[in-house]
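Sequential numbering of the sequence shown, starting at -19, is according to the working numbering.
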Amino acid sequence: MSVKSSVKRYPAFTLIGLRENFRKKPQPVNLSQSRIRTRARSFAGRHADHYSTRTFGHGSCQHGKLLRNSRHHDIRKLIAQALRKRSFEVHEEVHCVASEGGGIRRADIVALDKTNSKGFILDPTVRFEMSQTQPSEVNKEKQQIYEPTIPYFREKYQMEGTWEVHGLMIGARGTIPRLTVNTIKTFGIHDIIPKIITSSIKGSVAILRNHLYGIS
-19 MSVKSSVKRY
-9 PAFTLIGLRE
1 NFRKKPQPVN
11 LSQSRIRTRA
21 RSFAGRHADH
31 YSTRTFGHGS
41 CQHGKLLRNS
51 RHHDIRKLIA
61 QALRKRSFEV
71 HEEVHCVASE
81 GGGIRRADIV
91 ALDKTNSKGF
101 ILDPTVRFEM
111 SQTQPSEVNK
121 EKQQIYEPTI
131 PYFREKYQME
141 GTWEVHGLMI
151 GARGTIPRLT
161 VNTIKTFGIH
171 DIIPKIITSS
181 IKGSVAILRN
191 HLYGIS
């Protein structure tokens, strides 16, 4: 079989079509069945029992949970460090109590502008890009979660001024929605946007590599 005909017979795998390609009837090759299965497992990953491109993309695959957390923490640290350079008092991963129901929650970033008596609760969230309305939906989701904690933070930091909650969506493929860009610009830290993009892509590649090959 020539190289050219081989390429036609075995099209390149894509992320979305990876699993579907393995479901197709195999073409005749000069390999034993055991070697074919071994080769397929190397593509599908060591955790083939729960292999699913959709669960990976949506962030519900438990196999990559630690790497997803690591990707999120790296982005959170980038934003927190940039805010400190702008003279904000910054606290990370702050446990808090909601006024409605008394539920315990944890805020990713609490930034205090004591000069102007303003407090900000920022929650960067990496999501697989699904729709144009997703950034605003993420922002509303985070506001519903953390706005009930504002009375707790007012008392904790003795700051009775205005408080705002911002859910910052970052795309798993490195996209930064306009809503997130505009919010970051209001804090004067827009120079970190390229770093956030790079961090998101690097983290996602590590997750994909782990998902496909079982390599942490």
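Every residue, glycine too, gets a C-beta built ideally from N, C-alpha and C.
Given the structure is predicted, the values throughout are model-derived calculations rather than measurements.
Whole-Å CB distance - residue i paired with residue j, under 8 Å assumed
i	j	result
Thr160	Ile150	7 Å
Leu47	Gly183	7 Å
Phe100	Glu144	5 Å
Closest by C-alpha distance to residue i, when choosing among the options
i	options	result
Ser97	Arg51, Gly183, Glu140 and Asn162	Glu140
Met110	Glu144, Ile156 and Leu58	Ile156
Ala152	Val145, Pro104, Val70 and Tyr137	Pro104
Lys65	Val145, His170, Tyr137 and Asn49	His170
Contacting residues, own chain, Cβ-Cβ under 6 Å from residue i (five flanking each side not counted)
i	result
Arg107	Met149
Inter-residue Cα distance where the pair is residue i and residue j
i	j	result
Thr142	Ser179	31 Å
Ile164	Arg189	30 Å
Glu72	Val90	6 Å
Ile187	Val118	22 Å
Arg85	Val77	6 Å
Phe133	Asp88	13 Å
Thr113	Gly44	26 Å
Gly197	Pro174	The requested residue 197 does not occur in the structure, where the chain is confined to residues -19 to 196.
Leu203	Val74	Here the chain covers residues -19 to 196 and nothing more, so residue 203 does not appear.
Tyr137	Leu58	23 Å
Gln124	His191	32 Å
Proximal residues to residue i (C-beta, below 7 Å), its chain only, five neighbours per side dropped
i	result
Glu135	none
Arg56	Glu72, Asp88, Ile89 and Pro104
Proximity test, residue i beta-carbon vs the ligand ADP heavy atom, cut-off 7 Å
i	result
Gly81	The model depicted lacks the ligand ADP and carries no ligand whatsoever.
8 Å Cβ shell around residue i - same chain, five flanking residues per side excluded
i	result
Glu80	Pro128
_Sequence ranges, beta strand (DSSP E) only - wholly within the region 52 to 97, length at least 3_ = Correct list: 69 to 77 and 84 to 93.
_Ranges of the alpha helix (DSSP H) found wholly within the region 109 to 149, counting only runs of at least 4_ = Those alpha helix (DSSP H) runs which fall completely within the region 109 to 149 and span 4+ residues are 114 to 126 and 130 to 137.
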